[in-house]
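There are 6 protein chains.
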Amino acid sequence: MSATPTDRRTQALALLEWLEPGAPERVAENLDGFHGDATEILLGFAFTDVVAREGIPLKAREMLTIAMLAAMGTAPGQLEFHMRAALNTGVTREEIVEIVLQVAVYAGIPASMNAITAAKSAFTSV
Amino acid sequence: MSATPTDRRTQALALLEWLEPGAPERVAENLDGFHGDATEILLGFAFTDVVAREGIPLKAREMLTIAMLAAMGTAPGQLEFHMRAALNTGVTREEIVEIVLQVAVYAGIPASMNAITAAKSAFTSV
Amino acid sequence: MSATPTDRRTQALALLEWLEPGAPERVAENLDGFHGDATEILLGFAFTDVVAREGIPLKAREMLTIAMLAAMGTAPGQLEFHMRAALNTGVTREEIVEIVLQVAVYAGIPASMNAITAAKSAFTSV
Amino acid sequence: MSATPTDRRTQALALLEWLEPGAPERVAENLDGFHGDATEILLGFAFTDVVAREGIPLKAREMLTIAMLAAMGTAPGQLEFHMRAALNTGVTREEIVEIVLQVAVYAGIPASMNAITAAKSAFTSV
Amino acid sequence: MSATPTDRRTQALALLEWLEPGAPERVAENLDGFHGDATEILLGFAFTDVVAREGIPLKAREMLTIAMLAAMGTAPGQLEFHMRAALNTGVTREEIVEIVLQVAVYAGIPASMNAITAAKSAFTSV
Amino acid sequence: MSATPTDRRTQALALLEWLEPGAPERVAENLDGFHGDATEILLGFAFTDVVAREGIPLKAREMLTIAMLAAMGTAPGQLEFHMRAALNTGVTREEIVEIVLQVAVYAGIPASMNAITAAKSAFTSV
Numbered sequence: 026m027s028a029t030p031t032d033r034r035t036q037a038l039a040l041l042e043w044l045e046p047g048a049p050e051r052v053a054e055n056l057d058g059f060h061g062d063a064t065e066i067l068l069g070f071a072f073t074d075v076v077a078r079e080g081i082p083l084k085a086r087e088m089l090t091i092a093m094l095a096a097m098g099t100a101p102g103q104l105e106f107h108m109r110a111a112l113n114t115g116v117t118r119e120e121i122v123e124i125v126l127q128v129a130v131y132a133g134i135p136a137s138m139n140a141i142t143a144a145k146s147a148f149t150s151v
Numbered sequence: 026m027s028a029t030p031t032d033r034r035t036q037a038l039a040l041l042e043w044l045e046p047g048a049p050e051r052v053a054e055n056l057d058g059f060h061g062d063a064t065e066i067l068l069g070f071a072f073t074d075v076v077a078r079e080g081i082p083l084k085a086r087e088m089l090t091i092a093m094l095a096a097m098g099t100a101p102g103q104l105e106f107h108m109r110a111a112l113n114t115g116v117t118r119e120e121i122v123e124i125v126l127q128v129a130v131y132a133g134i135p136a137s138m139n140a141i142t143a144a145k146s147a148f149t150s151v
Numbered sequence: 026m027s028a029t030p031t032d033r034r035t036q037a038l039a040l041l042e043w044l045e046p047g048a049p050e051r052v053a054e055n056l057d058g059f060h061g062d063a064t065e066i067l068l069g070f071a072f073t074d075v076v077a078r079e080g081i082p083l084k085a086r087e088m089l090t091i092a093m094l095a096a097m098g099t100a101p102g103q104l105e106f107h108m109r110a111a112l113n114t115g116v117t118r119e120e121i122v123e124i125v126l127q128v129a130v131y132a133g134i135p136a137s138m139n140a141i142t143a144a145k146s147a148f149t150s151v
Numbered sequence: 026m027s028a029t030p031t032d033r034r035t036q037a038l039a040l041l042e043w044l045e046p047g048a049p050e051r052v053a054e055n056l057d058g059f060h061g062d063a064t065e066i067l068l069g070f071a072f073t074d075v076v077a078r079e080g081i082p083l084k085a086r087e088m089l090t091i092a093m094l095a096a097m098g099t100a101p102g103q104l105e106f107h108m109r110a111a112l113n114t115g116v117t118r119e120e121i122v123e124i125v126l127q128v129a130v131y132a133g134i135p136a137s138m139n140a141i142t143a144a145k146s147a148f149t150s151v
Numbered sequence: 026m027s028a029t030p031t032d033r034r035t036q037a038l039a040l041l042e043w044l045e046p047g048a049p050e051r052v053a054e055n056l057d058g059f060h061g062d063a064t065e066i067l068l069g070f071a072f073t074d075v076v077a078r079e080g081i082p083l084k085a086r087e088m089l090t091i092a093m094l095a096a097m098g099t100a101p102g103q104l105e106f107h108m109r110a111a112l113n114t115g116v117t118r119e120e121i122v123e124i125v126l127q128v129a130v131y132a133g134i135p136a137s138m139n140a141i142t143a144a145k146s147a148f149t150s151v
Numbered sequence: 026m027s028a029t030p031t032d033r034r035t036q037a038l039a040l041l042e043w044l045e046p047g048a049p050e051r052v053a054e055n056l057d058g059f060h061g062d063a064t065e066i067l068l069g070f071a072f073t074d075v076v077a078r079e080g081i082p083l084k085a086r087e088m089l090t091i092a093m094l095a096a097m098g099t100a101p102g103q104l105e106f107h108m109r110a111a112l113n114t115g116v117t118r119e120e121i122v123e124i125v126l127q128v129a130v131y132a133g134i135p136a137s138m139n140a141i142t143a144a145k146s147a148f149t150s151v
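So the sequence lines, in the order shown, correspond to chains A, B, C, D, E and F.
For the first sequence, position 109 matches number 134 in the working numbering, and the numbering has no gaps at all.
For the second sequence, position 6 matches number 31 in the working numbering, and the numbering has no gaps at all.
For the third sequence, position 69 matches number 94 in the working numbering, and the numbering has no gaps at all.
For the fourth sequence, position 18 matches number 43 in the working numbering, and the numbering has no gaps at all.
For the fifth sequence, position 52 matches number 77 in the working numbering, and the numbering has no gaps at all.
For the sixth sequence, position 18 matches number 43 in the working numbering, and the numbering has no gaps at all.
In structure tokens form, the structure reads like this:
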């Protein structure tokens with residue numbers, strides 16, 4: 026975290042590459058087209074500051090992320106991205122099924138149904 | 026799931042006892058005072074139908090639950106309960122810290138701050 | 026709706042009296058202490074413009090209101106108020122029980138548990 | 026509720042047929058393609074355990090459902106489905122209009138505007 | 026606010042014309058196709074009763090609106106509309122960038138990312 | 026942002042002192058009692074990375090923050106804190122009144138009523 030802004034951005038994109046190979050180019054281009062600091066601030070916080078921390082393995086972090094995004098229900102695009110990222114970091118389809126069913130308990134059946142849509146899409150693309 | 030309603034209720038309360046020893050009496054009394062079917066329907070769905078399923082260990086399920094409740098931010102009482110349940114099922118304080126920091130990424134700093142309050146309360150009571 | 030602001034405020038408070046006898050004084054004092062227009066704008070919209078409309082009886086409107094507030098989970102005080110208002114406008118305890126169980130389907134078990142707390146409080150006070 | 030899993034699934038799909046003729050095949054195929062237990066767990070809870078209960082007629086339950094989904098705003102697909110289901114179970118267009126206007130009071134104008142989109146789509150398709 | 030319903034509707038649509046030239050026809054046609062009172066009740070409350078008030082300039086109100094809609098995350102269509110309306114009422118692109126980054130602090134990175142999508146779309150169309 | 030972690034923490038607490046004199050000690054003690062990195066990660070992101078940026082004055086940022094927190098409705102404690110911080114950074118009571126009324130438009134009357142409670146509390150304490 027004492028990294029320069031350039032390091033912080035680089036580290037964030039390196040972690041993003043683990044979540045989905047090829048994603049860093051697309052995501053950075055999208056954010057750079059908005060503002061030159063957006064990649065470092067948003068992805069630097071998300072990935073360099075937090076997700077890259079030790080204490081919980083990346084696979085478990087992706088399980089938490091899809092649970093949160095599915096429960097909140099306000100970011101369907103990111104939910105589908107993290108469904109793929111979960112598979113890419115070693116989460117099994119069986120585990121995703123269980124997470125999605127558990128979403129129904131805490132956030133309701135429609136939230137779970139939406140997560141099923143995202144999961145099925147990820148299952149066919151990864 | 027082919028259990029009689031009585032079995033379904035009994036199994037739900039048995040799992041609740043794992044989450045927090047002594048909780049079943051208190052929770053069932055609360056729900057029975059509302060309606061005689063509430064314990065079976067609500068806890069039967071939550072615990073007998075879903076949380077008791079194999080595929081994800083109970084410890085990991087509690088990690089997911091506190092992430093979802095913290096991200097949603099609408100059930101502070103249940104969040105604190107599941108912080109204690111997480112500790113009771115083997116989640117470490119370090120893991121709870123990491124989950125709470127990750128909540129900041131996906132649901133914002135205030136959601137994370139509220140989860141810190143819940144976690145600190147659980148840390149002192151378990 | 027072609028009423029003067031004074032009429033609009035008066036009509037809103039008259040409907041509020043149906044929801045809970047004695048509430049208009051308390052609520053208007055609270056809002057007047059914030060800004061002199063708040064009662065007319067907020068309650069005038071809520072009650073004079075919308076809830077007083079024909080097409081759905083007041084009892085059914087209160088059922089809808091407690092369902093929405095319970096599902097959203099962000100206004101526990103108003104949820105408890107409208108639990109009492111529901112009882113005051115003819116909603117039965119059995120109907121409230123059913124609404125609260127249905128909340129679990131669409132918004133999850135914690136939302137339903139919080140609604141149980143509000144309902145039980147209303148049951149003892151009305 | 027002492028039904029076997031097969032009965033519970035069958036009963037859920039039978040109620041779904043009342044909500045929208047032809048929907049059970051489509052919905053069950055979607056859920057079966059995710060996991061063999063999903064139909065029973067999700068629809069069994071929603072429809073067999075809760076919505077099929079007595080105490081509130083199905084028509085009133087659909088009014089509550091569209092109010093909740095519109096207020097939450099996180100499941101536009103299900104909102105439109107339940108707009109159609111409301112019409113199919115006897116809710117009138119006038120009642121849907123009133124519900125949608127009441128959503129504005131409790132969840133804001135944008136939530137109501139989104140519900141108008143869903144309602145208009147249902148009005149043209151049922 | 027002592028306006029007749031017709032005045033209230035007219036004033037709301039006049040303000041909407043400031044937010045996006047040409048929008049009143051499209052929005053009123055959409056709402057009139059739902060119910061003849063919808064424009065007056067929904068837009069009359071939003072624009073005539075509240076947004077047209079003095080105390081905060083229209084430009085600052087649009088900044089608040091895009092912050093709220095981005096943080097709530099449940100009305101992506103209205104968020105994009107108000108991104109354009111913000112530009113039309115004098116909010117600069119730099120200010121929108123700052124608002125969107127601040128959304129990340131209070132509502133999380135995915136909410137901010139969705140707001141970036143809406144902002145970029147508005148930037149190309151206004 | 027090329028600051029060391031120590032600098033980033035220090036800068037965040039310095040900005041917090043502007044929001045509410047005396048707050049840094051209390052907030053840092055709270056966060057330090059949770060984890061030694063929490064102050065830097067959470068407040069460093071919120072204040073050093075984002076809120077301290079140029080492009081929008083601090084006063085306008087606090088207006089945005091109370092609008093977002095009021096609309097989300099999930100952090101009543103932080104909402105009241107930022108009501109005080111808004112006053113401390115030059116937002117007038119009249120402006121807060123207008124923001125709170127505008128919250129009703131986009132997030133509903135209950136969200137606005139809760140914000141009135143927070144505002145009135147801040148008005149008496151600052």
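Beta carbons: idealized from backbone N, C-alpha and C, even for Gly.
Residue-chain proximity (residue i, chain G), Cβ-Cβ < 8 angstroms
{"i": "A92 of chain A", "result": "Going by chain labels, chain G is absent from the structure shown, which instead holds the protein chains A, B, C, D, E and F."}
C-beta neighbour in chain D for residue i, strict 8 angstroms
{"i": "V130 of chain B", "result": "no"}
{"i": "A100 of chain E", "result": "yes"}
{"i": "A48 of chain C", "result": "no"}
{"i": "A96 of chain C", "result": "yes"}
Interface flag, residue i vs chain B, CB-CB below 8 angstroms
{"i": "F148 of chain F", "result": "no"}
{"i": "L1 of chain A", "result": "The displayed coordinates of chain A run from 26 to 151. Any statement about residue 1 of chain A would go beyond what the structure contains."}
C-beta neighbour in chain A for residue i, strict 8 angstroms
{"i": "V116 of chain E", "result": "no"}
{"i": "Q103 of chain D", "result": "yes"}
Three-state class that DSSP yields for residue i in the structure shown
{"i": "P82 of chain A", "result": "coil"}
{"i": "H60 of chain B", "result": "coil"}
{"i": "V151 of chain A", "result": "coil"}
{"i": "T29 of chain B", "result": "coil"}
{"i": "E54 of chain E", "result": "helix"}
{"i": "R34 of chain B", "result": "helix"}
{"i": "E42 of chain F", "result": "helix"}
Residue-level contact to chain E via CB, residue i, 8 angstroms cutoff
{"i": "M108 of chain D", "result": "no"}
{"i": "I134 of chain B", "result": "yes"}
{"i": "M138 of chain F", "result": "no"}
Cutoff 8 angstroms: residue i Cβ touching any chain C Cβ
{"i": "I124 of chain F", "result": "no"}
Short CB-CB distance (under 8 angstroms) between residue i and chain F
{"i": "A144 of chain B", "result": "yes"}
{"i": "M26 of chain E", "result": "Here the model assigns M26 of chain E a pLDDT of 45, short of 50, so the residue's position is not dependable and the matter cannot be decided."}
What are the residues in the region 58-87 of chain A lying within 9 angstroms of chain F by C-beta distance? Those residues of the region 58-87 of chain A that come within reach of chain F (Cβ to Cβ, closer than 9 angstroms) are D62, E65, I66, G69, F70, D74, V75 and R78.
Which parts of the region 58-143 of chain E are runs of the alpha helix (DSSP H), unbroken and 4 residues or longer, counting only runs that do not cross its ends? You should have 83-97, 101-113 and 118-132.
Cβ-based contacts, 8 angstroms cut-off: residues of the region 31-56 of chain E near chain D: Going along the region 31-56 of chain E in chain order, one finds N55 and L56 with a Cβ nearer than 8 angstroms to chain D.
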